[in-house]
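Positions in the sequence shown are counted from 1; adding 539 to them yields my numbering. Virtual Cβ for every residue (Gly too), placed ideally from N, Cα, C. This report concerns only the one structure given below.
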Amino acid sequence: MDRSQDVTEFLKSRRDRMSPDRAGIFGSARRRVPGLRREEVAFLAGVSVDYYVRMERGDLRGVSPEVLDALARALQLDEAETAYLHDLAAAAGPGARRRREKPAEAVIRPGLQQFIDAVTGAAVTVLNRPGDLLAANALGRALYAPVLDSPAARGNIARFLYLDPASQRYWPDWELIADQNVASLRSIAGQHPHDKALTDLIGELVTRSDAFRVRWAAHDVRFHRTGVKRLHHPEVGELELAYEVMELPASPELRMTAYTAAPGTPSAERLALLGSLAASAEQTDDTDVSAGRSGEREG
Numbered sequence: 540m541d542r543s544q545d546v547t548e549f550l551k552s553r554r555d556r557m558s559p560d561r562a563g564i565f566g567s568a569r570r571r572v573p574g575l576r577r578e579e580v581a582f583l584a585g586v587s588v589d590y591y592v593r594m595e596r597g598d599l600r601g602v603s604p605e606v607l608d609a610l611a612r613a614l615q616l617d618e619a620e621t622a623y624l625h626d627l628a629a630a631a632g633p634g635a636r637r638r639r640e641k642p643a644e645a646v647i648r649p650g651l652q653q654f655i656d657a658v659t660g661a662a663v664t665v666l667n668r669p670g671d672l673l674a675a676n677a678l679g680r681a682l683y684a685p686v687l688d689s690p691a692a693r694g695n696i697a698r699f700l701y702l703d704p705a706s707q708r709y710w711p712d713w714e715l716i717a718d719q720n721v722a723s724l725r726s727i728a729g730q731h732p733h734d735k736a737l738t739d740l741i742g743e744l745v746t747r748s749d750a751f752r753v754r755w756a757a758h759d760v761r762f763h764r765t766g767v768k769r770l771h772h773p774e775v776g777e778l779e780l781a782y783e784v785m786e787l788p789a790s791p792e793l794r795m796t797a798y799t800a801a802p803g804t805p806s807a808e809r810l811a812l813l814g815s816l817a818a819s820a821e822q823t824d825d826t827d828v829s830a831g832r833s834g835e836r837e838g
């Protein structure tokens, strides 16, 4: 990814969306450009026009955190957008790493897997930065079975979203989920600009999916922390689930998510049914394996 171009397109897109009235600039004459002019952003941020122009051209080298914060206030950036601006500046700094990061080892520690398996009332999944589903409890595997079973997805959430038409049945709010997924990927890419697995995934999806490419060009960013998702599971039907995303300090390249349904709701009943179906399926698999081993001994 071209980091200077990312800076240019991000700042320009945020400037274009700001109306003069929203910025507190009144009595403006007819304007030839959407949003604010560069000199207006410079004034609001307390920097010279030349300095802001340099930044919008993609050069954030040497820009102090204080100036970045002033620029964020001038453009009324939210928390995720402000963090992304600082990440872009860090990537441009003299100490920035110029080579790609080695792919983080996708190792699920036995203790972590034991903890996940011990959770029975919630669906739990563990993803890496690109969104590969690396671990889950029984309910989590059942919930994400369409992703895990999809040849196009290869166990990756974004690939399932953009390369498998089944995703539009699985997520009734597909447009919203797609917007959020791209914005989250861009935020993660800002924090880890040299992660090869992540940049390879983004490059693949930009090439293969028009829907992804259009959203990626919008330069929206967001933190993926908590919320509610609706999905239509092929076995139990409509589910509305609250989710909480948790960081794992011992494995910072991973994030764990727990999905729950509000007690007493149809979603809670259907999630419990899915759990029962998953437990029965695993018990059947264990029985089949045991029977096969017994047959081998007798043979």
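Alpha-carbon to alpha-carbon, residue j and residue i
{"i": "residue 598", "j": "residue 607", "result": "12 Å"}
{"i": "residue 666", "j": "residue 802", "result": "26 Å"}
{"i": "residue 809", "j": "residue 815", "result": "10 Å"}
{"i": "residue 698", "j": "residue 800", "result": "26 Å"}
{"i": "residue 594", "j": "residue 790", "result": "35 Å"}
{"i": "residue 704", "j": "residue 629", "result": "38 Å"}
{"i": "residue 821", "j": "residue 695", "result": "23 Å"}
{"i": "residue 707", "j": "residue 581", "result": "43 Å"}
{"i": "residue 544", "j": "residue 596", "result": "8 Å"}
{"i": "residue 554", "j": "residue 718", "result": "20 Å"}
{"i": "residue 690", "j": "residue 659", "result": "28 Å"}
{"i": "residue 664", "j": "residue 614", "result": "36 Å"}
{"i": "residue 687", "j": "residue 679", "result": "11 Å"}
{"i": "residue 739", "j": "residue 672", "result": "17 Å"}
{"i": "residue 616", "j": "residue 588", "result": "20 Å"}
{"i": "residue 572", "j": "residue 550", "result": "15 Å"}
Burial state of residue i, where buried means 16 or more other Cβ atoms lie within 10 Å
{"i": "residue 693", "result": "exposed"}
{"i": "residue 570", "result": "exposed"}
{"i": "residue 819", "result": "exposed"}
{"i": "residue 638", "result": "Note that residue 638 has pLDDT 48, beneath the 50 cutoff, so the model's placement of it is unreliable and no number is given."}
{"i": "residue 558", "result": "exposed"}
Beta-carbon separation (whole angstroms), residue i vs residue j, contact threshold 8 Å
{"i": "residue 627", "j": "residue 729", "result": "6 Å"}
{"i": "residue 711", "j": "residue 773", "result": "Their Cβ separation, rounded to whole angstroms, is 13 Å, which puts residue 711 and residue 773 out of contact at 8 Å."}
{"i": "residue 591", "j": "residue 577", "result": "6 Å"}
{"i": "residue 702", "j": "residue 716", "result": "About 14 Å; that fails the 8 Å criterion."}
{"i": "residue 556", "j": "residue 574", "result": "6 Å"}
{"i": "residue 721", "j": "residue 755", "result": "6 Å"}
{"i": "residue 792", "j": "residue 648", "result": "Actually they are not in contact, since the Cβ atoms of residue 792 and residue 648 sit about 13 Å apart, beyond 8 Å."}
{"i": "residue 681", "j": "residue 817", "result": "4 Å"}
{"i": "residue 764", "j": "residue 779", "result": "Not confirmed; about 18 Å, so no contact."}
Assigned secondary structure, residue i (DSSP; H/G/I helix, E/B strand, else coil)
{"i": "residue 648", "result": "coil"}
{"i": "residue 659", "result": "coil"}
{"i": "residue 485", "result": "Residue 485 falls outside the range modelled here, since the chain spans only 540 to 838, and no answer is possible."}
{"i": "residue 776", "result": "strand"}
{"i": "residue 556", "result": "helix"}
{"i": "residue 575", "result": "coil"}
{"i": "residue 715", "result": "helix"}
{"i": "residue 783", "result": "strand"}
{"i": "residue 639", "result": "Below a pLDDT of 50, predicted positions are generally treated as unreliable, and residue 639, at 49, falls in that range; the measurement from the model is reported next regardless. The answer is coil: DSSP assigns residue 639 none of H, G, I, E or B."}
Cβ pair residue i, residue j closer than 7 Å
{"i": "residue 605", "j": "residue 760", "result": "no"}
{"i": "residue 798", "j": "residue 657", "result": "no"}
{"i": "residue 548", "j": "residue 758", "result": "yes"}
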